[in-house]
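Student: Residue numbers (the working numbering), protein chains in the order written: chain A, 2 to 512; chain B, 522 to 857; chain C, 2 to 298. Please find one structure pasted underneath; my questions will follow.
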Amino acid sequence: MLPLTMRRENCTPIVEMLQITKRFPGVVANDSVSFCARRGELHALVGENGAGKSTLMNILYGLHRPDSGEIRIAGEPVEITNPGVAISLGIGMVHQHFMLVRAFTGVENIILGDEPSRLGLTNYRRARNEIQEICQQFQLVVDLDSPVGNLSVSAQQKVEILKALYRGVRILILDEPTSVLAPQEVESLFAMLRKLTSQGTCVILISHKLPEVMAYSDRITVLRLGRSIATIETSKASVEEITNLMVGSSSEMPAQPSQPVVTRQRHVLLSVRELCVRGKNRGVGPLSFDLHEGEILGIAGVDGNGQRELVEALVGLRKASGSCLLASCELLCLDTRHRLDTGIAYIPEDRFDAMIPNRPILDNAILGLQRAKPFSKHGILDCKSAHNHAHVIINELGIRSTGPSMIAGHLSGGNQQKLVLGRALSVNPKLLIACQPTRGLDTHGVQDIHRRILAARERGTGVLLVSYDLDELLALCDRILVMFKGKIAGIVSRGEATRETIGALMLGAKV
Amino acid sequence: MSLVYTLLSLVVAFALAAVIIAVSGENPWQSFQAMFMGAFGDLAAFGETIVKATPLAISGLAVALGLRTGLFNIGVEGQLLVGAIAAAWCGYAISTPAFLHIPLCLTAGFVAGGFWGLLPGLLKAKRGVHEVITTIMMNYVALHLTHYMVLNPMKDAHTMAPQTPAIHTTAQLPQIAGIGNIHAGVLVGVLLAVVFAVFISRTVVGYEMRIVGLSSNAARSAGINVSKMLLLAMLLSGGFAGIGGAVEVMGVHHKFYDQFSPGYGFDSIAVALLGGATAMGTGLSAILFGALRNGAVTMQLVTDTPKEIVTIIQAIVIVFAGAKFLRGRQSQKWDS
Amino acid sequence: MDVFDPELLRSTLRLSTPLILAALGGVLSERSGVINIALEGMMLAGAFFGMLGSYLTGNALIGLLVGMTAGMILGFLHAVLTQNLKVNHIVSGVALNILSFGGTTYLLRMIFQHAGGSPPITGLSTWHIGKVLGDQNILSLSVPILVVLIGLLLFRSPLGLRLRAAGENPSAVAAAGISFRVLRYLAVTCSGILSGLAGVYLSLGQLNMFTEGMSGGRGFIALAAVIFGKWTPWGAAGAALFFGFFDALQMRLQGQAILGHAIPSEFMLILPYALTIIVLAGLVGRAIPPEALGSDE
């Protein structure tokens, strides 16, 4: 039995957020949310995309001011007006999109804002020594002297964590840290977090990945649609229970392909041979693979291993050598427009590379199609058919809008994604290249998109699906191609694909 | 751009100008009155306003075309100069009947101006060099080049003044409407405005240019040839500016003389921004600035307020207009 | 060739000094993430108000301070417009250039009733540095010191680290609890100070008078020097020297027979501008600007 005082210390929350409300134009991100976390615990904050998790933590870190509510740190009420105040209170945050200066080294990034100096000049030697000590303490191995932009994503994450450790955090917030890691890297991250919590640091983990949350956290708080729903001890909770709390109703079964593709009998649609692309840090390739009609081929891999370069090379946004035959038409000697004309539809990773938010749905509905037959003749646009097309897409995809003249930027994220997908599918493409098509969408939105991709597959479209979400790939794909350091680590078919095998390939292990 | 915001920017600009005039020891109300009379007081004044507005409108369209494609063509002044001198040469060195001569000279202006936009356009399209610096450099090159041309190979042998020989009457834009000195260049301007409007909103190329201006990434992913559009935009923009210069030579001066442009090229930047880079808006704000420039001459004669006050008004207008206009064009990224 | 003599060196230094000063300002501004094409306007304002200060007090140093302040005010204005009013950086620069040109001509006409130029005024006093370097005034002597100081500031001091971070990733700066806007204000205002001093050099250090539009595009050449110099103080200074050298060379060669033909003076005048274009054309692709330069944040 622990002495009484110690027990109380362990139970006193170090962070208390009481009745926090935060509104943005058109949406209440946090609606009277209460949350508390204790010293030395790993507390998971779960919820759908759009539930308000990031907003709540951004408030704790001082990036947003709450409209109402109170925050207490170690029992003292505080006003966290900016990240500087948060840092001085011992709060650190590792964001989903890293806040790193790519051109700076690890050391420079870590000391930014807290630079040790002597006679007005930065004392880099003292900084390095201090950082090395911390690395040894937590068994972190990371290159501190290269520009951070050259580092792998997991190394960058370590630098982000070091930023917090360097300042002696007692509350560390991590926003979706594992979405960019391979399964094995996830393990070492949590090992490090365990070490932190054992020293008394409170770790708050924002995640929507329940298996990890169940495996590693001490307590879980569920948010849904801006409200806090429940806080449970992990040991007493089940996945179904949490899921229900997150989604609010029993969710549908995730979409499944109707039957596995028998690759021998389907025609080859896309044939890639010896494709070599110049990447940001290294060369990508030579890559060789086939994609069949009516097949979903997933491209898996940790971000930064050449997936982006592969896609850009296929679409014509990057120079490449080798051969890419689409139905016996050599793509590499065509420019982007003509490649798309051969029957390719492309959904870029960044939604704003596929649509213009300031323009109406009408303009966006024909983006990329403006030179095609019904939409223009002899160089003059046909507004009426553009209008019709917009209507068709809106109806087919069930986009909630006020009509083709509605400004596309006013659509919700999910509807914007539907617009992009709808436009891509409206030309009945032979090949659909989709990159992260469900990023940022809630469960229903994700399922909707998945259903439509599967429907395209049924119609015979070949789909190249690039995703960093292993679960998505495992659910949809007939085969998964794993990229590692710019080369193909392996191609795994549906029956053999598991998180472990794919994860190992993602990290370069031979399977 | 909303009418209210436009009017607001004008009100603020004039208010600040009034303050400056007052501090300088002159009477703002009298100055503005003199300016107004100088611009619209009688038919002759009105005519002169329209005459001054004509090259502003055409050059304004040039800047507007660039803006819609996401380009800052600050080189309109230089493109205008070479267009003017090319048209002048065509006007005095060639003899053909009027129905051929006028289009020929205008075309010469278009080609020369387009050529002047070519280099910055190529550098931007192929190498991503920002067009602001390159076009500004080309302005200075044009200034010195035309200065040289008009003092040497193109010089009128019969006079000491730095000017070309007069263009043949067949190359002159006739006066029309009988109001003041208004010449057929106005018609050219109106025609170009219509061409601009149709091109931008109704053609495929115009659509693609607009997309490039709104988001070059989205354009590229959609298969639009961004380099080609940028180059084309600079060529056309330069060409329009060249016509602006040609029209001045053919309709007003009937020759090219050194420093004939009181800075039309720079005025046109304000014109295009205030007009929201649309055909109608550019036309209207060209008339406004034509009035300001015209009226300022009278104002300086009558009240001692230097005519450069218009330049100050212009700067304020640009700040307002530029802020709202360009902000509306940038895609906003937010997390869903 | 009797063209390459110490006089050419002195001439180069003379012509490069305003370019270097303005370019240093450009480096600071752009490193913090703010595009500054108004170096020209700030230079012109510095030239005019430097002249005015000297004219009114007979003291060139007072003139220097006044000119520097004028540049500083314009720099501050650029910061307000771009950081608070969220005006596009280029539009703000264009507006400030136009304001400066119109404003200085307006004041010239108002005060001196003459749009061409001011009466002659007391210029900055010079010291004789030696047979080769000749006479230099306080501004040209400060140039090498400024290059070193600004280099140390940017690359070896905490403030410089933060300033550069503001130009690369303002979010990272905000997440570290520092206001990147304040950093940008500082940098842009300093660029105004330096450009103002460049202008002061023109009116008080070279001509001893102010003529309309006397900056003559030097501000834009200084900006090109920033790009050519890869946004480093020593690179920009070197590039500015390069441009200054060719300017000096052009002046020497004007009217001189080369290969039997006299090259017209106008072609020589075109040289700095043409050179700038050539340099930019050959360069981009290798010069990487600060990542957040000109961004909307």
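Built from N, CA and C at the ideal position, the CB exists for glycine as well. Everything numeric in this text was worked out from a predicted model, so none of it was measured.
1) Would you mind working out which of A:Leu475, A:Arg460 and A:Val181 sits nearest leucine 466 of chain A, comparing C-alpha positions?
2) What residues from chain B crowd round serine 192 of chain C, counting only those whose CB sits closer than 8 Å?
3) Does serine 742 of chain B have its Cβ less than 8 Å from a Cβ in chain A?
4) Which residues in chain C sit within 7 Å of isoleucine 615 of chain B, going by Cβ to Cβ distance?
5) Can you tell me which of B:Asp563, B:Gly760, B:Ala605 and B:Ala836 puts its alpha carbon nearest to the alpha carbon of valine 773 of chain B?
6) Between threonine 56 of chain A and chain C, is there a C-beta pair that is closer than 8 Å?
7) Over the uninterrupted alpha helix (DSSP H) stretch that includes methionine 659 of chain B, give me the two end residues.
8) Output, in chain order, the set of chain A residues within a Cβ distance shorter than 9 Å of alanine 177 of chain C.
9) Select from the region 281-304 of chain A all residues with a C-beta closer than 8 Å to any C-beta belonging to chain C, and list them in chain order.
10) Indicate whether at least one CB of chain C lies closer than 8 Å to the CB of arginine 103 of chain A.
11) Please list, in chain order, the chain C residues whose beta carbon lies closer than 7 Å to that of histidine 668 of chain B.
12) What residues are listed by DSSP as bridge partners for leucine 19 of chain A?
13) Are the C-beta atoms of serine 748 of chain B and some chain A residue less than 8 Å apart?
14) Report the residue from A:Val102, A:Val303, A:Leu61 and A:Val464 whose alpha carbon sits nearest the alpha carbon of aspartate 176 of chain A.
15) Helix, strand or coil, according to DSSP, for valine 544 of chain B in the structure here?
16) In its own chain, which residues sit with a C-beta less than 7 Å from the C-beta of phenylalanine 353 of chain A, not counting the 5 before and 5 after it?
17) Pick helix, strand or coil for alanine 355 of chain A, following the three-state DSSP scheme.
18) Should aspartate 479 of chain A be labelled buried (16 or more other beta-carbon atoms within 10 Å of its own) or exposed?
19) Would you list the residues sitting across from tyrosine 347 of chain A in a DSSP beta bridge?
20) Pop quiz: glycine 804 of chain B and alanine 578 of chain B are said to be a contact at Cβ under 8 Å. What is the actual Cβ separation, rounded to whole angstroms?
21) Mind listing the chain A neighbours of arginine 32 of chain C? Cutoff is C-beta to C-beta under 8 Å, in chain order.
22) Taking buried to mean at least 16 other C-beta atoms within 10 Å of its own C-beta, is glutamine 835 of chain B buried or exposed?
23) So what does DSSP say about histidine 209 of chain A, is it helix, strand or coil?
24) Looking at the structure shown, is glutamine 137 of chain C part of a helix, part of a strand, or coil, going by DSSP?
25) Got a sec: is the Cβ-Cβ distance from lysine 87 of chain C to anything in chain B below 8 Å?
26) Mind pulling the chain B residues with CB within less than 9 Å of threonine 337 of chain A?
27) Any beta carbon of chain A sitting closer than 8 Å to that of valine 715 of chain B?
28) Measuring CB atoms only, is the region 197-217 of chain A touching the region 33-48 of chain A, in the sense that at least three cross pairs come out at less than 8 Å?
29) Output, in chain order, the set of chain C residues within a Cβ distance shorter than 8 Å of leucine 122 of chain A.
30) For chain C, is any of its Cβ atoms less than 8 Å away from the one on tyrosine 785 of chain B?
31) The beta strand (DSSP E) with leucine 482 of chain A in it runs from where to where?
32) Taking the alpha-carbon of lysine 749 of chain B as reference, which of A:Gln308, A:Thr337 and A:Ile174 has the nearest alpha-carbon?
33) So, under 8 Å CB-CB, valine 671 of chain B and threonine 685 of chain B are touching, yes? Tell me the CB distance rounded to an integer number of Å.
34) Taking 8 Å as the CB-CB cut-off, is arginine 110 of chain C touching chain B?
35) Taking 8 Å as the threshold (beta carbon to beta carbon), is alanine 237 of chain C in contact with chain B?
36) With DSSP run on the structure shown, which of helix, strand or coil describes asparagine 50 of chain A?
Tutor: Here's the rundown:
1) Restricting attention to A:Leu475, A:Arg460 and A:Val181, the CA atom closest to the CA of leucine 466 of chain A is found in A:Leu475.
2) Here the premise fails: no neighbours, minimum Cβ distance about 16 Å.
3) The Cβ of serine 742 of chain B sits closer than 8 Å to at least one Cβ of chain A.
4) Here the premise fails: no neighbours, minimum Cβ distance about 26 Å.
5) In terms of CA proximity to valine 773 of chain B, B:Ala605 leads the group B:Asp563, B:Gly760, B:Ala605 and B:Ala836.
6) Threonine 56 of chain A does not count as touching chain C.
7) Looking at the DSSP string, the run of the alpha helix (DSSP H) that includes methionine 659 of chain B is 652-672.
8) Near alanine 177 of chain C (Cβ distances below 9 Å), the residues of chain A are Pro84, Gly85, Ile88, Met100, Leu113, Gly114, Asp115 and Lys164.
9) Nothing from the region 281-304 of chain A brings a Cβ to less than 8 Å from some Cβ of chain C.
10) So, interface residue.
11) Within 7 Å Cβ-Cβ: Glu267.
12) Secondary-structure assignment with DSSP links leucine 19 of chain A through a beta bridge to A:Glu71.
13) With respect to chain A, the C-beta atom of serine 748 of chain B has no partner C-beta closer than 8 Å.
14) The shortest Cα separation from aspartate 176 of chain A among A:Val102, A:Val303, A:Leu61 and A:Val464 belongs to A:Leu61.
15) Helix at valine 544 of chain B.
16) Excluding sequence neighbours, phenylalanine 353 of chain A sits near nothing in its chain.
17) Of the three classes helix, strand and coil, the one that applies to alanine 355 of chain A here is coil, per DSSP.
18) Flag for aspartate 479 of chain A reads buried.
19) Partner(s): A:Ile434.
20) Sure, about 5 Å apart at Cβ, within 8 Å.
21) The contact set of arginine 32 of chain C on chain A, defined by CB atoms closer than 8 Å, is empty, because the minimum CB distance reaches about 11 Å.
22) Around the beta carbon of glutamine 835 of chain B, 16 or more other beta carbons lie within 10 angstroms, which makes this residue buried.
23) Histidine 209 of chain A: coil per DSSP, three-state reduction.
24) Residue state, collapsed to three classes: strand.
25) Answer yes: the Cβ-Cβ gap between lysine 87 of chain C and chain B drops below 8 Å somewhere.
26) Under the 9 Å cutoff, chain B gives Arg741, Ser742, Ala743, Gly744, Ile745 and Asn746.
27) Chain A, which has no Cβ nearer than 8 Å to the Cβ of valine 715 of chain B, makes this no.
28) The region 197-217 of chain A, when compared against the region 33-48 of chain A, does touch it at the 8 Å Cβ threshold.
29) Going along chain C in sequence order, the residues near leucine 122 of chain A (Cβ under 8 Å) are Leu153, Arg157 and Ser158.
30) It does not: the Cβ of tyrosine 785 of chain B has no partner Cβ on chain C nearer than 8 Å.
31) For leucine 482 of chain A, the enclosing beta strand (DSSP E) starts and ends at 480-485.
32) Measuring from the Cα of lysine 749 of chain B, the nearest candidate turns out to be A:Thr337.
33) Indeed they touch by this definition, with Cβ atoms about 6 Å apart.
34) At least one chain B Cβ lies under 8 Å of arginine 110 of chain C.
35) Alanine 237 of chain C is outside the set of residues whose beta carbon lies under 8 Å from a beta carbon in chain B.
36) Here asparagine 50 of chain A sits in coil by DSSP.
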